[in-house]
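In what follows, a structure is listed as structure tokens, so that the remarks can point back to it.
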Amino acid sequence: MTTPAHEPDQHPPGQKPERTIEDVLWARVGRRRDRVRAQVEQARSGKHLVPTWLMATVLGLILLGWLYLIFFG
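The sequence shown begins at 24 in the working numbering and counts up one residue at a time.
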């Protein structure tokens, strides 16, 4: 009986390679770096769903509303 051939990166069932905490942390850092790069690229492309001036205006109106409620409410 022959055993099935495994790819070089694969291990036989039940024999998973040990992952150290350092490996896990570096993988997490790499994923975070990729996510940040994607966000920066999206921000530079200018494809925003809501323009910045509109968000600033809405924030200003909310703050003015709170001030009105505090002083005159």
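C-beta: ideal position from N, C-alpha, C; glycine also.
Residue i versus residue j - alpha carbon distance
i, j, result
"residue 89", "residue 83", "10 Å"
"residue 41", "residue 56", "24 Å"
"residue 64", "residue 54", "15 Å"
"residue 43", "residue 52", "14 Å"
"residue 76", "residue 48", "39 Å"
"residue 80", "residue 68", "23 Å"
"residue 86", "residue 73", "19 Å"
"residue 58", "residue 94", "44 Å"
"residue 62", "residue 71", "11 Å"
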